[in-house]
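Following the working numbering, the numbering of the sequence shown begins with 15 at its first residue and continues without gaps.
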Amino acid sequence: MAITNTLSDAAIRKAKPSDKARKPSDGGGLYLELQPNGGKWWRLKYRSSSA
């Protein structure tokens, strides 16, 4: 799984809340969820391969 876009530490710290939730991606299914109340959570989207 190749990382296509990386978020820097400075960019994450500077991220300010907006009126809607935002999800800047770090690549490979990893993204940062920014909530309007100022909350920041790392999330990972994945799919399980069922055989």
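From the three backbone atoms N, C-alpha and C, an ideal C-beta is built for every residue, glycine too. Since the structure is predicted, the reported quantities are computational estimates derived from the model, not experimental observations.
Through-space distance from residue j to residue i, alpha-carbon basis
i, j, result
"Gln49", "Lys37", "9 Å"
"Lys30", "Glu47", "12 Å"
"Gly43", "Leu58", "5 Å"
"Ser63", "Asp23", "32 Å"
Residue burial classification, residue i (beta-carbon count within 10 angstroms, cutoff 16)
i, result
"Tyr60", "exposed"
Beta-carbon gap between residue i and residue j smaller than 7 Å
i, j, result
"Asp33", "Leu21", "no"
Spatial neighbours of residue i in its chain, beta-carbon cut-off 8 Å, leaving aside the 5 residues before and after
i, result
"Ile26", "Leu46, Lys54"
Boundaries of the alpha helix (DSSP H) in which residue i is found, first to last residue
i, result
"Lys28", "23-28"
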